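Trainee: In case it helps, this note's numbering puts the sequence shown at residues 1 to 230.
Just so it is clear, CB atoms sit at the ideal spot from N, CA and C, and this is done for glycine as well.
The model shown is predicted, which means the values in this text are computed figures rather than measured ones.
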Amino acid sequence: YLFHVHSIAHGVICLEKLQSDFGAHRRRLEISKLRGVKFRDGLHDYVIDRGGIKVFPRLNASEQEKVAYRPPLSAGIAELDSLLGGGLDSGTSTLFLGPAGTGKSTLAMVHAVAAARAGERAVIFCFDENETTLRNRLRSIGMEIDSLIEAGLIDIREVDPAELTPGEFSHFVKESAVKGGARVVVIDSLNGYLNSMPDEKFLSLHLHELLAYLSRAGAVTIITLAQHGV
1 YLFHVHSIAH GVICLEKLQS DFGAHRRRLE ISKLRGVKFR DGLHDYVIDR GGIKVFPRLN
61 ASEQEKVAYR PPLSAGIAEL DSLLGGGLDS GTSTLFLGPA GTGKSTLAMV HAVAAARAGE
121 RAVIFCFDEN ETTLRNRLRS IGMEIDSLIE AGLIDIREVD PAELTPGEFS HFVKESAVKG
181 GARVVVIDSL NGYLNSMPDE KFLSLHLHEL LAYLSRAGAV TIITLAQHGV
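1) Kindly confirm or deny that the region 36-49 and the region 70-85 touch, where touching means at least three C-beta pairs closer than 8 angstroms.
2) If you draw a straight line from the C-alpha of G142 to the C-alpha of A108, how long is it?
3) Does the Cβ-Cβ distance between V159 and V184 come in under 8 angstroms?
4) Under the three-state reduction of DSSP, which class applies to T221: helix, strand or coil?
5) Go ahead and pull the three-state DSSP assignment for H25.
6) Considering only DSSP beta bridges, list what R157 is partnered with.
7) Cβ of V186 within 8 angstroms of Cβ of A122?
8) Look at the Cβ atom of A112, then the Cβ atom of I154, and state whether they are nearer than 8 angstroms.
9) According to DSSP, is E120 part of a helix, a strand, or is it coil?
10) Just reading off the beta strand (DSSP E) that A182 is part of, what are its end residues?
11) Three or more beta-carbon pairs under 8 angstroms between the region 130-147 and the region 161-176, yes or no?
12) Let me know the alpha helix (DSSP H) ranges lying completely inside the region 59-114, each 4 residues or longer, listed in chain order.
13) When the Cα of E16 is compared with those of D45, H10, T106, which residue comes out closest?
14) Can you give the beta carbon distance from I223 to L190, rounded, assuming they're within the 8 angstroms contact cut?
15) On the DSSP letters alone, give me the boundaries of the beta strand (DSSP E) that G52 sits inside.
16) Rounding to the nearest angstrom, what Cα-Cα distance links H171 and H4 in this structure?
17) Under DSSP, the alpha helix (DSSP H) around L18 begins and ends at which residues?
18) Under 8 angstroms between the Cβ atoms of S62 and D188?
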């Protein structure tokens, strides 16, 4: 009977609710059929929020047009820029890897601040600390970012891993990098991103598609990763 209803309906949209071991439930929808319309295949995350439903379409990197060439991003440190051949190239992703306390986050913030001082926007997604702690830590080493935040050149977003799905996070990053015009995107850290969604089987594919999308958008993506042991 159910198959008969599917066959006579013009459109079939399947909704599902997944229970996670920790945190909020995950809701996804899939368009199984829609006659005469080119729809997007796959599973798309959505949330029921105050005012209605928000849908986060599955990210497809090939849909983003490649932006024109932009010069490398300088860190504002001549010696580091020299080592990197002039700075970090647009449309690339860079991983800052090392044990805790080596300055991975600080080096990432150096690039974000350098872009902001040059009039470019930077967005920072914090998995491991809140905005207040980050601001205080940067002030303690003489890196003033308050004025850059007030000017809208730096946007710090705290990520609550227990309440976020991969599709929702990708949507937020896409909105910041493309519609928001961010030149620099910082994900601090990859450990927090991976640990936040342990039940997601294809998280590495989500990340690959996200980095490919940001690459085509011409953003400089910086990711930190805490290394344990050798």
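Mentor: By the coordinates alone:
1) no
2) 15 angstroms
3) Not in contact: V159 and V184 (Cβ atoms no closer than 8 angstroms).
4) If DSSP states are grouped into helix, strand and coil, T221 belongs with the strands.
5) In this structure, DSSP gives H25 a state outside helix and strand, which the three-state scheme calls coil.
6) F125
7) yes
8) yes
9) coil
10) 182-188
11) They do not touch, by the three-pair rule.
12) 78-83
13) D45
14) 5 angstroms
15) Unbroken beta strand (DSSP E) run through G52: 52-56.
16) 36 angstroms
17) That residue, L18, is in no alpha helix (DSSP H); its beta strand (DSSP E) goes 11-18.
18) no
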